[in-house]
Amino acid sequence: MPRDFRWGVATSSYQIEGAVDEDGRTPSIWDTFCRVPGAVVNGENGDIACDHYHRMPEDVDVIASLGVDAYRFSLAWPRVQPGGTGPVNPRGIAFYDRLVDTLLDRGITPWLTLYHWDLPQELEDAGGWPARDTALRFADYAEMTFDALGDRVKHWTTLNEPWCSAMLGYDQGVHAPGRRDFGAAMHAVHHLLLAHGLAAQRLRARAGSDIELGITLNLAHASAATDARADKEAARRADGLGARIYLDPLVHGRYPEDVVGALAARGITLPVEDGDLAAISTPLDVLGVNYYSSQQFSGTTEDGATTDENGLPVVRTVPFGRPVTAMDWEMVPEGLTKLLVRLHEEYGLPLVITENGAAFDDVAEAGGAVHDADRTAYFADHLRAVGAAREAGADVRGYFAWSLFDNFEWAYGYDKRFGIVRVDYDTQRRTVKDSGAWYRDTIRLTRGA
Ligand code: IFM
């Protein structure tokens, strides 16, 4: 990587902060969802998590010890604006104010995400992301946050992984708010994109080109399992709902025709109003890419059917037969190269990997040391894949390891550890894992130090 390549580590608010009822913070949909019996492994929740809210200065020391340029974190909307309406909460925003100052004091660039899934519960009660008003509320929240931090924060990401918010939250019901309604999920897709667009317009109006503005999508390379037409069709469908339904409106200002057609065949119309697509396609400075794995698809079931029990075309994932991480996700680093080259060619935006990493079943020594050669190999393979994409012309400008800390992995609770720094949840002791030391040394090497 070149010397000006940006290296970072990433976290999100609900996954690390804890302090869910302090200083005026009100519940988010995740506080509620965690209380639903069976929703989260072991009935766990983010009440304490990594206790980052109370340990922030020491945590910034840990970040600094890794030698990274930037720290990607998110804000808890119900901390900044309890309930999702009304004025800014001075005690809530004060935490992020201190975080930003502490980072800057240590020479670390703050890379702020406005929304990493902690929707104020009141907004869900009023309809959540399937309701248009949530997008309007988000634009207000974005603006008040910018007014508080925009003098020092220059890297702004609106949303993290809207696919997860819409599909896991409103279609599959495995993330908050736990709804299972495909039509509602599609409305959520549009209102998430609208939220992004309205916020982007407000931030641009305030800051012009003084900020680097982006959105982060979770993306993969979708390929056909064979050359059969049905498999190619399945890959196209998977890519349509996984990637193009976000990328096309963001970059080209229109939804993909094949996706719109497939939704119409299911009786679903995206709730687009005049001006929405113009807002959604507000020019971006950077596209954040979260990458973990890739999939290949078949258009037939194992016994040869091409439609499922609901009469819908089959889109079946066919394993590559690769080793998997503790999440059961296959490791497919070359998929990252293909994805980045494709994004460059079809969408032409500067790219930053805003998340990449792996959960493994770590074994900790008594003192906390973790010799996670598997995680180090994952990082090395994927960084090589980024290098290959750059050589092929993709404009990839940075890389954030997911995650700085072991943390609350949503419906998996604390079972899955993604950190390059171990967190002992009994003592809250932090210990840099071997992969963290390797990451630090790799960054040093690229700087010629
Ligand atoms: O932990 C999550 C993160 O919150 C969003 N991207 C994927 C990570 C691993 O599942």
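For the sequence shown, our numbering begins at 727 and goes up steadily by one.
Every residue, glycine too, gets a C-beta built ideally from N, C-alpha and C.
Following a CB-centred definition, is residue i positioned closer than 7 Å to any heavy atom of the ligand IFM?
i       : result
SER738  : yes
PHE1131 : no
PHE864  : no
PHE1144 : yes
GLN741  : yes
ASN944  : yes
GLU770  : no
ASN1016 : yes
HIS842  : yes
GLU748  : no
GLU1135 : yes
TRP837  : no
GLU959  : no
TRP1128 : yes
GLU1028 : no
GLU1056 : no
GLU1081 : yes
GLU887  : yes
For residue i, count the other beta carbons within 10 Å of its own beta carbon; 16 or more makes it buried, fewer makes it exposed. Which is it?
i       : result
ALA861  : buried
ARG798  : buried
GLY993  : exposed
ASN815  : buried
ARG729  : exposed
ALA1031 : exposed
ARG761  : exposed
ASN768  : exposed
SER1019 : buried
ALA1137 : buried
ARG970  : buried
PRO808  : buried
ASP1029 : exposed
GLY968  : buried
GLY722  : Absent from the model: residue 722. The displayed extent of the chain is 727 to 1175, so no value can be given.
ASP1098 : buried
Hey, how far is the Cα of residue i from the Cα of residue j?
i       : j       : result
LEU894  : ARG906  : 9 Å
TYR1140 : ASP984  : 39 Å
THR758  : THR752  : 11 Å
ALA775  : GLY1124 : 28 Å
ARG824  : VAL1058 : 39 Å
ARG732  : TYR841  : 22 Å
LEU945  : ASN886  : 12 Å
SER791  : ASP897  : 41 Å
LYS1159 : ASN1016 : 22 Å
GLY744  : ALA1103 : 31 Å
GLY1113 : ARG1068 : 15 Å
ALA950  : ASP1107 : 23 Å
ARG1170 : ILE834  : 15 Å
GLY734  : GLY1025 : 39 Å
PRO711  : ARG962  : The question about residue 711 has no answer, for the chain in this structure spans 727 to 1175.
MET1053 : GLY1119 : 31 Å
LEU829  : SER800  : 14 Å
THR987  : TYR981  : One detail in the question is off: residue 987 reads as Gly in this sequence, not Thr. Distance between the alpha carbons of GLY987 and TYR981 is about 10 Å.
SER1218 : TRP882  : The first residue shown for the chain is 727 and the last is 1175, placing residue 1218 beyond what the model contains.
Measuring CA to CA, which of the options is closest to residue i?
i       : options                           : result
THR1157 : ASP787, ARG930, LEU845            : ASP787
ASP866  : ARG751, GLY818, ARG928            : ARG928
PHE1023 : VAL1012, GLU1035, ASP953, THR752  : ASP953
ALA1004 : GLY979, PHE1126, ASP1034, GLY1124 : GLY979
GLY1037 : GLU770, ALA911, THR1027, GLY876   : THR1027
VAL1143 : THR1051, TRP855, LEU976, ALA765   : For the sequence presented, residue 1143 should be read as Arg rather than Val. That would be THR1051, whose Cα lies nearest to the Cα of ARG1143.
ASP747  : GLY772, GLY1119, ARG1155          : GLY772
LEU996  : ALA874, MET912, ARG1173, TRP855   : MET912
PRO903  : MET870, LYS880, GLN847            : GLN847
LEU918  : PHE872, ALA1095, VAL998, GLU1081  : VAL998
THR737  : MET727, ALA796, TRP756, ASP749    : ALA796
GLU1081 : ASP777, GLY793, GLY1145           : GLY1145
LEU1010 : THR942, ALA1099, GLY1001          : THR942
VAL1078 : LEU1013, ALA925, GLY934, PHE1134  : LEU1013
HIS922  : PRO982, GLY909, LEU939            : LEU939
ASP1132 : ASP1167, MET727, ILE742           : ILE742
ASP827  : GLY818, ASP777, PRO813, ARG878    : ARG878
ASP1121 : ASP1054, GLU1071, LEU967          : GLU1071
SER1161 : ARG1148, GLN1154, TRP855          : ARG1148
PRO888  : GLY818, ARG930, GLU850, TRP843    : TRP843
THR884  : ILE937, ALA910, ASP859, PRO856    : ILE937
ASP1002 : PHE872, VAL1044, THR1043, LEU924  : LEU924
Please tell me whether, using a cut-off of 7 Å, the distance from the CB of residue i to the nearest non-hydrogen atom of the ligand PLP is below it.
i      : result
PHE908 : This structure lacks the ligand PLP; its bound ligands are the ligand IFM.
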